[in-house]
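> Residue numbers (the working numbering), protein chains in the order written: chain X, 1 to 477; chain D, 478 to 954.
Positions of the beta carbon are idealized from the N, C-alpha and C atoms, including for glycine.
Fair warning: this is a prediction, and the values are worked out from it, not measured in the lab.
1. I need the straight-line Cα distance from residue 233(X) to residue 225(X), nearest angstrom please.
2. Near residue 321(X), what residues of its chain come up, given a Cβ to Cβ distance below 7 Å and the 5 sequence neighbours on each side ignored?
3. Measure from the alpha carbon of residue 813(D) to the alpha carbon of each residue in 353(X), 312(X) and 306(X), then state which is nearest.
4. Does the beta carbon of residue 10(X) sit closer than 7 Å to a beta carbon anywhere in chain D?
5. Would the region 681-700 of chain D and the region 652-659 of chain D be scored as touching if the rule is three or more Cβ pairs under 8 Å?
6. Measure the C-alpha to C-alpha separation of residue 951(D) and residue 780(D) and round it to an integer number of angstroms.
7. For residue 468(X), would you say it is in contact with chain D, using Cβ-to-Cβ distances shorter than 7 Å as the test?
8. Using beta carbons (cut-off 7 Å, strictly below), is residue 451(X) in contact with chain D?
9. What residue ranges within the region 530-567 of chain D form continuous alpha helix (DSSP H) runs of no fewer than 4 residues, ordered along the chain?
10. Is the beta carbon of residue 153(X) closer than 7 Å to that of residue 259(X)?
11. Can you list, in chain order, the residues of its chain with a C-beta nearer than 8 Å to that of residue 42(X)? Leave out the 5 residues immediately preceding and following it.
12. Along chain D, in chain order, which residues have C-beta atoms closer than 7 Å to that of residue 479(X)?
13. Applying the 10 Å Cβ sphere with the 16-neighbour rule, what's the burial state of residue 902(D)?
14. Specify, as a first and last residue, the run of the alpha helix (DSSP H) that residue 175(X) falls within.
15. Quick check: what's the CA-CA separation for residue 845(D) versus residue 852(D)?
16. With DSSP as the reference, label residue 477(D) as helix, strand or coil.
17. With a threshold of 16 other CB atoms inside 10 Å of the CB of residue 60(X), please say whether the residue is buried or exposed.
18. Secondary structure at residue 246(X), three-state DSSP: helix, strand or coil?
19. Taking the alpha carbon of residue 70(X) as the reference point, which residue from 51(X), 391(X), 99(X) and 85(X) has its own alpha carbon closest?
20. Along the region 262-276 of chain X, where does the CB come closer than 8 Å to a CB of chain D? Name the residues.
21. My assumption, with CB atoms under 8 Å, is that residue 372(X) sits in contact with residue 437(X). Please give the rounded CB distance.
22. Quick one: what does DSSP say residue 702(D) is sitting in, helix, strand or coil?
23. For a cutoff of 7 Å on Cβ pairs, would you count residue 284(X) as touching chain D?
24. In terms of residue numbering, what span does the beta strand (DSSP E) encompassing residue 257(X) cover?
25. Please name the residues in the region 816-828 of chain D whose beta-carbon is closer than 9 Å to at least one beta-carbon of chain X, in chain order.
26. Would DSSP call residue 848(D) helix, strand or coil?
27. Going by C-alpha to C-alpha distance, which of 563(D), 512(D) and 511(D) sits closest to residue 530(D)?
28. Counting only beta-carbon atoms, is residue 615(D) nearer than 7 Å to chain X?
29. Name the chain X residues that come within less than 8 Å of residue 792(D), Cβ to Cβ?
30. Under 7 Å between the Cβ atoms of residue 660(D) and residue 616(D)?
31. In its own chain, which residues sit with a C-beta less than 7 Å from the C-beta of residue 668(D), not counting the 5 before and 5 after it?
32. What do you reckon, are the CB atoms on residue 331(X) and residue 411(X) nearer than 7 Å?
33. Any idea what DSSP makes of residue 763(D), helix, strand or coil?
34. Under 7 Å between C-beta atoms, does residue 766(D) make it to chain X?
35. Please go through the same chain and pick out, in chain order, the residues whose beta-carbon is closer than 7 Å to the beta-carbon of residue 795(D), but skip the five residues on each side of it.
36. Below 8 Å, how does it come out for the region 742-749 of chain D and the region 765-773 of chain D: are there three or more Cβ pairs, yes or no?
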């Protein structure tokens, strides 16, 4: 909920149902159409950066370019950082080289890295050449880190202080140089060679006598990220230590940059989205759903669907193997989808729970035996519940409607025992497959729900017909 | 990666494969066994709070209580905030009333709210009575907010400054009162009646002449959360505005507390876990997997499995309806699991993508027509790919192994067309059901993958046999 000062402009109207961003966007469009550029310039000076950026994002390409050029230079890069990638790409095409260079120079190093790594190679090279020598060196260095590494998330703009300074001297230093720093919530104490020695939260400097030495505030205990680690580790560390920024060091402990918590919120959401999509049996989309080109969508979904289809062809093999039993007792076919679906559902549940628990570190590989015991117990209980319900359903239909012939009690028994079997098997395989994949060094989320369901389908058919043969030979079979 | 000063204690050994927390935990256990309490007291004074807390968490109940009592009072509440809920609950049982009161008084208000809302009612009442009058009033007020609301996440500890002050005066105020504030990264400017007027990031005060008036720094534009909103809205706002804390106001715009970003990281993860579990067809577990009691697990999973079983019984009805066709053409039964599984897989994919897109705001209800067009296109293309592969499979088996009898081309056609039908139908229903649920005011994540799969199973059977009847009557049927 955005608070804006009382203001005659309709953009400030905060009535129920009015989307303030849409209102602002409409207002900008109107001013552009009326060519009231002075009014527009003034309007763009106020408001939260993120809101102005989103309002500009909603304009069409032509309006976007006009509005952006009217931003004050200082605000321009901040707004640019918050634009969608599409808008950024488009603006970089239409801005003059000088304007594009100005925006890129001012951008936070980490946001610039994110932009440059998404652009096509040729565009990236062209843009790098627009930067000053110093900024280009920084940009290139950051791009040199592995994709999805902490190096790509960090920015080299932070404030360093020396242990021998007083707090007053440190704050004076901050006053002079603080504007260039990504954050002033944390300051970093470095030693010879730039090795990180300690971090200090700004509150430690603000709540003591200004003549206190920095040394006296240090406890030499700090948490640092490693520049080559995967960005996922950053999420875990931020969650444990309640910080708004964490330092990044290289292999020798030299401070090379910092990661701020806003980037981590984005990483956490991205990671969750990837996990969700993989569990659902889709290769991670990497873009908002409505923006993914149809053919890309078909490729990413088709890959898995085809793999699963081949898995499904094994069910046809299994069914063909039991063709005679099917021919003799068509009543078995009637309950087959029910049984294998129950196994698949149970497997999906288990796979989902274990994969998520692995991702959150709640379950480790060494816990596999505990997991198996729990799934044996749960699977058995769940199977019993479903088996009883399934058998009851057959009994009711047989008694009420005379369905399923004279051997219906045996059919009910077959279905009941099969349900216990497939649900138990589904729980076990659904929980152990992610662990096995992780053990083999693969991503446990590859054990998607549909994949488990396919495995349980094939084995469920075998379980069902084996039990049916045991119980019904001599009668229906 | 934790950096600790060079130190003879094995807990500092940072070799490959050594878990520093486990090492610390073992060290604590050893000191407790050897009754070296002085050494232990000193050891507990160093190290990151989160790490000490986790090490203590790994001790058994008795060791936990001993270690905790040896913590310096100041550190004790901070460590307590980071303990797992189980450890917190256990310690509150074993600590004397005086010690428990001391810890609770010092805790951050939001962490205390989180603890009290989890405890059984009687325990909560007992603990509230241990608090001072003032803290009890604050605790009760926070607990008075709706569950999962922003009121439950916030803390009333922040620094307020007045517009008429100079920066120097504001920093002097911070020096005196800042220790009690949850964060000093943001300061809040309030007007008459405590109404929030502006927020100032600490960097704005640190980078200007100390004689500047607060007023001059204000732009009167800020983002505030509403105390009764759902905690999910906090996640969205933090992600948009790159802040480490956001103010919370009530209906009249009066500042009532702040939410810090560490809580939001937790909320984001919790929300993602809930969505993942619901998509997988499980009621949200709310606790780490290994800590959920077996019977609770069975209840939460069983509820959905039973519902899906009843849905599955509809497949039995559908199959019974086509019993004659099944009896005449057993070859149809062979491909049935394959076909309905493909439909279910396609539906799972679509449901997963749309549900996540809805949760992230990438897709809105008004986008339903765009979604449907995309799913029609994707579903058709995917169905064609699968249909061709499925038919090809039958053709190859028929030609190579003489399977499926003389009418195999018609069988292949039936299976191929059915695959197109169920995949298309799966994509459409999988994507539209979450939208429909949201339209009806329900949680779209209820349209779990297994639920969609069940719907597509039933309708897939009907589609399959209808197509079979059309193509194969007169031959196999």
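Reading off the structure:
1. Translated into positions along the first chain, residue 233(X) becomes position 233. Translated into positions along the first chain, residue 225(X) becomes position 225. Approximately 8 Å, taken between the alpha carbons.
2. Position 321 of the first chain, counted from the first residue, corresponds to residue 321(X). The answer is none, since no qualifying residue turns up.
3. Residue mapping note: residue 813(D) aligns to position 336 of the second chain, counting from 1. Nearest C-alpha to residue 813(D): 312(X).
4. In the first chain, counting from the first residue as 1, residue 10(X) sits at position 10. In this predicted model, residue 10(X) has a pLDDT of only 33, less than 50, meaning its place in the structure is not dependable; the value taken from the coordinates is given anyway. Judged by the 7 Å Cβ criterion, residue 10(X) is not in contact with chain D.
5. no
6. For the purposes of this step, residue 951(D) is taken as residue 474 along the second chain, with counting starting at 1. For the purposes of this step, residue 780(D) is taken as residue 303 along the second chain, with counting starting at 1. So the alpha carbons of these two residues sit roughly 45 Å apart.
7. The sequence position of residue 468(X) within the first chain is 468, counting from 1. Not an interface residue.
8. Translated into positions along the first chain, residue 451(X) becomes position 451. No, residue 451(X) does not count as interfacial toward chain D.
9. 538-546 and 550-559
10. The residue you call residue 259(X) lines up with position 259 of the first chain. The residue you call residue 153(X) lines up with position 153 of the first chain. The answer is yes: Cβ separation under 7 Å.
11. Walking along the first chain from the start, residue 42(X) turns up at place 42. Cβ neighbours of residue 42(X) within its own chain (closer than 8 Å, five residues either side excluded): none.
12. One cannot answer for residue 479(X) here, as it falls past the ends of chain X, which runs 1 to 477.
13. For this step, residue 902(D) is matched to residue 425 along the second chain. Burial call: buried.
14. In the first chain, residue 175(X) corresponds to position 175, counting from 1. Note, residue 175(X): alpha helix (DSSP H), 167-177.
15. Taking the first residue of the second chain as position 1, residue 845(D) is located at position 368. Taking the first residue of the second chain as position 1, residue 852(D) is located at position 375. Cα atoms of residue 845(D) and residue 852(D): separation of roughly 10 Å, rounded to the nearest angstrom.
16. Because chain D is modelled from 478 through 954, residue 477(D) falls outside the range shown and cannot be assessed.
17. Translated into positions along the first chain, residue 60(X) becomes position 60. Result: exposed.
18. By 1-based counting over the first chain, the position of residue 246(X) is 246. DSSP places residue 246(X) in strand when its eight states are reduced to three.
19. As a first step, residue 70(X) must be located in the first chain, where it is residue number 70. The shortest Cα separation from residue 70(X) among 51(X), 391(X), 99(X) and 85(X) belongs to 99(X).
20. Along the region 262-276 of chain X, going in chain order, the ones with a CB nearer than 8 Å to a CB of chain D are 262, 264, 265, 266, 268, 269, 272, 273, 275 and 276.
21. On the first chain, position 372 is the one that residue 372(X) refers to. On the first chain, position 437 is the one that residue 437(X) refers to. Cβ-Cβ separation between residue 372(X) and residue 437(X): approximately 15 Å, too far for a contact (criterion under 8 Å).
22. Within the second chain, the letter at position 225 stands for residue 702(D). When DSSP states are grouped into helix, strand and coil, residue 702(D) belongs to the strand group.
23. Locating residue 284(X) in the first chain gives position 284, where the first residue counts as 1. Residue 284(X) does not count as touching chain D.
24. Working through the first chain from its first residue, we reach residue 257(X) at position 257. It spans 255-260 - the beta strand (DSSP E) in which residue 257(X) sits, taken as one unbroken run.
25. 816, 817, 818, 819, 821, 822, 823, 825, 826, 827 and 828
26. Walking along the second chain from the start, residue 848(D) turns up at place 371. Looking at residue 848(D) - three-state DSSP - the assignment turns out to be helix.
27. Looking up residue 530(D) in the second chain gives position 53. Of 563(D), 512(D) and 511(D), the residue nearest in Cα terms is 563(D).
28. Numbered from 1 along the second chain, position 138 holds the residue referred to as residue 615(D). Interface flag for residue 615(D) against chain X is unset, since no Cβ pair is found closer than 7 Å.
29. Working through the second chain from its first residue, we reach residue 792(D) at position 315. For residue 792(D), the residues of chain X that pass the 8 Å Cβ criterion are 337, 338 and 341, in the order they occur in the chain.
30. In the second chain, the residue the question calls residue 660(D) occupies position 183. In the second chain, the residue the question calls residue 616(D) occupies position 139. One thing to note: residue 660(D) has its Cβ no nearer than 7 Å to the Cβ of residue 616(D).
31. Translated into the one-based positions of the second chain, residue 668(D) becomes position 191. Same-chain partners within the cutoff: 674.
32. The residue you call residue 331(X) lines up with position 331 of the first chain. The residue you call residue 411(X) lines up with position 411 of the first chain. Going by C-beta atoms, residue 331(X) is nearer than 7 Å to residue 411(X).
33. Position 286 of the second chain, counted from the first residue, corresponds to residue 763(D). In the structure shown, residue 763(D) sits in coil (DSSP, three-state: anything other than H, G, I, E or B).
34. Taking the first residue of the second chain as position 1, residue 766(D) is located at position 289. At least one chain X Cβ lies under 7 Å of residue 766(D).
35. Counting from one through the second chain, the residue named residue 795(D) turns up at place 318. 935, 938 and 939.
36. Taking 8 Å as the limit for Cβ pairs, the verdict is that the region 765-773 of chain D does not touch the region 742-749 of chain D.
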